[in-house]
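Sequence lines, in order, name chains P and S. So the mapping is simple: the working numbering equals the position in the first sequence, first residue as 1, plus 6. So the mapping is simple: the working numbering equals the position in the second sequence, first residue as 1, plus 127. Report on the following structure.
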Amino acid sequence: MRTLVVGAGISGLFIAYELVQHGLRDVTVVDASYPGSGATLRNLGCFRTSFTSPEHVVLLKESIRRWLQLKDRLDFEITQKGYLWVARRPETLEGFKKLVEFHHQFGVPTRILSLDEVKEVEPRLNTKIVAGAMFDPTAGKMPIIENFVKLYIEVKKLGVKVVPYTKVTKLVSRGSKIAAAETSRGTIEADVFVVAAAGDSRDIIATAGVDVPIVDIPRHPYVTEPYAKTINPALIIDWDTPGSPHMTQTKLGSFILARDLEDVPRAPLHSERVDAIPHILKPLKELLPFLSRVNIVRYWMGYYDMTPDHHPIYGPVAPYENLYIAAGFSGHGMMMAPVTGKLIASWILDGKPYIDIASNLTLERFRVGRLVKELAVIG
Amino acid sequence: MGEAVKKLDNVVIICRCNDVTVNDIKKAIEMGIDDFELLRKYLRLGFGPCQGRSCIVLAARIFARASGKKIDEVLSNYRVRPPIVPVSARYFTRGAEA
Numbered sequence: 007m008r009t010l011v012v013g014a015g016i017s018g019l020f021i022a023y024e025l026v027q028h029g030l031r032d033v034t035v036v037d038a039s040y041p042g043s044g045a046t047l048r049n050l051g052c053f054r055t056s057f058t059s060p061e062h063v064v065l066l067k068e069s070i071r072r073w074l075q076l077k078d079r080l081d082f083e084i085t086q087k088g089y090l091w092v093a094r095r096p097e098t099l100e101g102f103k104k105l106v107e108f109h110h111q112f113g114v115p116t117r118i119l120s121l122d123e124v125k126e127v128e129p130r131l132n133t134k135i136v137a138g139a140m141f142d143p144t145a146g147k148m149p150i151i152e153n154f155v156k157l158y159i160e161v162k163k164l165g166v167k168v169v170p171y172t173k174v175t176k177l178v179s180r181g182s183k184i185a186a187a188e189t190s191r192g193t194i195e196a197d198v199f200v201v202a203a204a205g206d207s208r209d210i211i212a213t214a215g216v217d218v219p220i221v222d223i224p225r226h227p228y229v230t231e232p233y234a235k236t237i238n239p240a241l242i243i244d245w246d247t248p249g250s251p252h253m254t255q256t257k258l259g260s261f262i263l264a265r266d267l268e269d270v271p272r273a274p275l276h277s278e279r280v281d282a283i284p285h286i287l288k289p290l291k292e293l294l295p296f297l298s299r300v301n302i303v304r305y306w307m308g309y310y311d312m313t314p315d316h317h318p319i320y321g322p323v324a325p326y327e328n329l330y331i332a333a334g335f336s337g338h339g340m341m342m343a344p345v346t347g348k349l350i351a352s353w354i355l356d357g358k359p360y361i362d363i364a365s366n367l368t369l370e371r372f373r374v375g376r377l378v379k380e381l382a383v384i385g
Numbered sequence: 128m129g130e131a132v133k134k135l136d137n138v139v140i141i142c143r144c145n146d147v148t149v150n151d152i153k154k155a156i157e158m159g160i161d162d163f164e165l166l167r168k169y170l171r172l173g174f175g176p177c178q179g180r181s182c183i184v185l186a187a188r189i190f191a192r193a194s195g196k197k198i199d200e201v202l203s204n205y206r207v208r209p210p211i212v213p214v215s216a217r218y219f220t221r222g223a224e225a
């Protein structure tokens, strides 16, 4: 069986990895640019289980288990130092308490921290303006570039053909099947097609006459010069400021700071915004005053490939029998990638996902209006 | 001569921001990194305060020789990112909305 995966990001490579693990021999992955060129090498490399829908919590629990399982086999670097969700307002802390109850139903050990406990977890946090926090000890971070390169080299060793700089321009259908993909470098025939191309999945699948509701929303992270280890948690999130500003410190000591700002959907990848920097910095500096003295060394753009309910789209693409999608991760593709690989492999090989709850995330949900509901919406 | 040059590969620094040597680049290529952008990111070339001023062209030339690609092709995806030089955070926070 010949399989063509469109998109050589972390999702596409994990899909290829799992297919090969299941005995498939003819797996090709194409990418419009270089491997990892999209959101994969542009994200912060952080992961968590503390989500607000059963779908996310169940799948992320499994995904993190899988990351850790593969850690030794693929020599990944991963640390679990937790996420610190900071509440400035007492009402938000009440919302966190409800969320913790929700997490505990799924065995996710989040907990509420008093101000003294917050100080213990992160002594540098300005607790004068804070009501408390929620802590997710399952959360963590990884140097995403190193881990991605290790996965890339491994899938090539396993016999996966990775073809960069090959843009899919049209999916050619024949009856109820996709027969071939026309690309910028010729036509590729296959028996099974998987589109894992983030926001570009929409344009690719549109050529087969199917609408995929994904919109690329620009994000603007920036990074400082390296400093000695300063903060303890993997990520600190200022939940009460719109766009939830957040920051992490990388393995080598740089701080990465980001915030979800209002922006023009599908703005070009190089439409940098100088105003992003103060918008991100100001609230974070209130929480962590030392940030007013750091040097900003670099700034880049990336996209969240957003769906209407902020959950990924997984599985078969009707009316085609041999077309699958794994896209629309809405900012969580890296952390979900191992479970993505296993889910799509099980869909292709067994006709259904190996975790039942993933069936709630098919493209079909938008047609029948059954969007994912977030059970616990925070403050 | 050949052996002497090989020894030098261990001490010749290509990227002074992140202490990357000629050997680091050759090893990464041998390991299976077959794209310059991937190599550059893996070794953090251009990630330091100098923004790649000294390392990128040198590294691209080593990669071009090893891969048989033209240097223009090797550098076709490389982009300088702002700011051009590191800027203190304090210049950005006056008058910003929260």
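Glycine included, each C-beta is placed from N, C-alpha and C at the ideal position.
Self-check item: Continuous beta strand (DSSP E) stretch holding Ile304 of chain P: start and end
Solution: The sequence given here has Arg at residue 304 of chain P, not Ile. Arg304 of chain P -> beta strand (DSSP E) spans Asn301 to Tyr305.
Quiz item: How many Å lie between Glu107 of chain P and Gly101 of chain P at the Cα?
Solution: 10 Å
Quiz item: Val212 of chain S to Pro176 of chain S, Cα distance in whole Å?
Solution: 6 Å
Quiz prompt | CB-CB length for Ile150 of chain P against Leu258 of chain P, believed under 8 Å | solution = Not confirmed; about 13 Å, so no contact.
Exercise. Would you check if the distance between the CB atom of Ile141 of chain S and the CB atom of Val149 of chain S is smaller than 8 Å?
Key: yes
Quiz item: Does the Cβ of Asp78 of chain P have 16 or more other Cβ atoms within 10 Å, making it buried, or fewer, making it exposed?
Solution: exposed
Quiz item: Is the CB of Gly42 of chain P under 8 Å away from at least one CB in chain S?
Solution: For Gly42 of chain P, a Cβ of chain S is located within less than 8 Å of the residue's own Cβ.
Quiz item: Span of the beta strand (DSSP E) holding Tyr228 of chain P?
Solution: Tyr228 to Thr230
Self-check item: Reference Leu166 of chain S; option with closest CA among S:Lys197, S:Val201 and S:Arg208
Solution: S:Val201
Quiz prompt | Reduced DSSP category for Ile354 of chain P - H, G, I as helix; E, B as strand; rest coil | solution = helix
Quiz item: Is Leu349 of chain P closer than 8 Å to Pro359 of chain P when the C-beta atoms are compared?
Solution: In this structure, Leu349 of chain P lies closer than 8 Å to Pro359 of chain P by Cβ.
Quiz prompt | Coil, strand or helix - Leu294 of chain P by DSSP | solution = coil
Exercise. Tell me, please, whether the CB atom of Ile243 of chain P is closer than 8 Å to any CB atom in chain S?
Key: no
Self-check item: Selection from P:Leu329, P:Val11, P:Ile21 and P:Ile363 that minimises the alpha carbon distance to Gly181 of chain P
Solution: P:Leu329
Quiz item: Considering only residues of the same chain and omitting the five flanking positions on each side of Pro96 of chain P, which have a CB-CB separation below 6 Å?
Solution: Ala137
Quiz item: At a CB-CB cut-off below 7 Å, which residues of chain S make contact with Gly155 of chain P?
Solution: The question names Gly, but residue 155 of chain P is Val in the sequence shown. What Val155 of chain P touches in chain S: Ile160, Leu165 and Tyr169.
Quiz item: Under a three-way DSSP split, which group does Ile84 of chain P fall into?
Solution: In the three-state scheme derived from DSSP, where H, G and I count as helix and E and B as strand, Ile84 of chain P is classed as coil.
Quiz item: List, in order along the chain, the chain P residues whose C-beta lies closer than 8 Å to that of Val214 of chain S?
Solution: Asn301 and Ile302
Exercise. Less than 8 Å between the CB atoms is what I'm expecting for Phe163 of chain S and Phe190 of chain S, so what's the real figure, rounded?
Key: So it is a contact: roughly 5 Å between Cβ atoms.
Quiz item: Per DSSP, what kind of secondary structure is Leu349 of chain P in: helix, strand or coil?
Solution: helix
Quiz item: Does Gly385 of chain P have its Cβ less than 8 Å from a Cβ in chain S?
Solution: Here the model assigns Gly385 of chain P a pLDDT of 45, short of 50, so the residue's position is not dependable, and the following value carries that caveat. It does not; no Cβ of chain S falls within 8 Å.
Quiz item: Around the Cβ of Arg225 of chain P, are there at least 16 other Cβ atoms within 10 angstroms (buried) or fewer (exposed)?
Solution: buried
Quiz item: Alpha carbon to alpha carbon, how far is Ile363 of chain P from Glu61 of chain P?
Solution: Roughly 6 Å separates the two Cα atoms.
Exercise. With DSSP collapsed to three states, give me the class of Val198 of chain P.
Key: strand
Practice problem: Determine the chain P residues that contact Thr220 of chain S at a beta-carbon separation under 8 Å, and present them in chain order. | Solution: Going along chain P in sequence order, the residues near Thr220 of chain S (Cβ under 8 Å) are Pro284, Leu287, Lys288, Lys291 and Ser298.
Quiz item: So with Cβ pairs under 8 Å, would you call Phe174 of chain S a contact of chain P?
Solution: yes
Self-check item: Leu131 of chain P, DSSP secondary structure in three states
Solution: coil
Self-check item: Cβ-Cβ distance between Ala333 of chain P and Asp315 of chain P below 8 Å
Solution: no
Quiz item: If we ignore side chains and look at the alpha-carbon of each, how far apart do Lys291 of chain P and Leu172 of chain S end up?
Solution: 29 Å
Practice problem: Report the rounded CA-to-CA distance for Ile302 of chain P versus Leu131 of chain P, giving the unit in angstroms. | Solution: 20 Å
Quiz item: Are the C-beta atoms of Arg143 of chain S and some chain P residue less than 8 Å apart?
Solution: no
Self-check item: Local Cβ density within 10 Å of Thr85 of chain P, reported as buried at 16 or more and exposed below that
Solution: That one is exposed.
Quiz item: So is Asp122 of chain P buried or exposed if we call it buried at 16+ other beta carbons inside 10 Å?
Solution: exposed
Quiz item: Where does Thr317 of chain P sit, in a helix, a strand or coil, going by DSSP?
Solution: In the sequence under discussion, the amino acid at residue 317 of chain P is His, which differs from the Thr named in the question. Coil, per DSSP.
Quiz item: So with Cβ pairs under 8 Å, would you call Glu278 of chain P a contact of chain S?
Solution: yes
Quiz item: For Glu327 of chain P, which three-state DSSP category applies?
Solution: coil
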